[in-house]
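> Residue numbers (my numbering): 458 to 593.
Glycine residues also receive a C-beta, built at the ideal position from the N, C-alpha and C atoms.
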């Protein structure tokens with residue numbers, strides 16, 4: 458009996474670990490990071506793929522989306538250093554806070570609103586956050 462169960466247990470264990478690996482690739486912070494990675498290499502189609510269906514319908518194309526990001530969020534389109542901060546629920550929304558230090562040394566804090574759908578987490582909007590005052 459044991460020899461027949463051992464292969465089944467191995468397969469089930471491998472499937473469980475594969476599922477965990479896939480889940481880790483799709484958490485909100487990693488989705489935002491993937492979008493930054495896409496922008497860094499000018500892959501607008503891939504960057505657009507991380508936007509929610511609502512955002513995609515609104516902008517209509519990767520080019521329209523890229524133009525909006527370039528005009529409204531240049532630090533996202535051409536980021537310097539990026540750091541994921543806290544992930545939290547606020548007012549029924551899931552928000553991923555992101556810190557961006559651009560090439561000029563300007564620090565930005567942004568909240569990425571995330572929604573989860575059948576195909577995983579998507580970015581549903583971005584808003585600027587007022588930076589805390591610097592200590593003197």
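Within 10 angstroms of its Cβ, does residue 569 collect 16 or more other Cβ (buried), or is it exposed?
Buried, by the Cβ-count rule.
> Tell me whether residue 584 is buried or exposed, calling it buried when 16 or more other Cβ atoms sit within 10 Å of its Cβ.
By the 10 Å Cβ count, residue 584 comes out exposed.
> So which of 520, 549, 510, 558 has the shortest CA-CA distance to residue 537?
The option with the nearest alpha carbon to residue 537 is 558.
> Enumerated in chain order, which unbroken segments of the beta strand (DSSP E) with a length of 3 residues or greater are wholly contained in the segment 506-581?
The qualifying runs are 538-547, 550-558, 564-574.
> Within 8 Å, do at least three Cβ pairs link the segment 571-587 to the segment 499-513?
Contact holds: three or more Cβ-Cβ distances are below 8 Å.
> Assess contact between the segment 496-507 and the segment 529-545, defined as three or more Cβ pairs (one per stretch) separated by less than 8 Å. Is contact present?
At 8 Å Cβ cutoff, the stretches touch.
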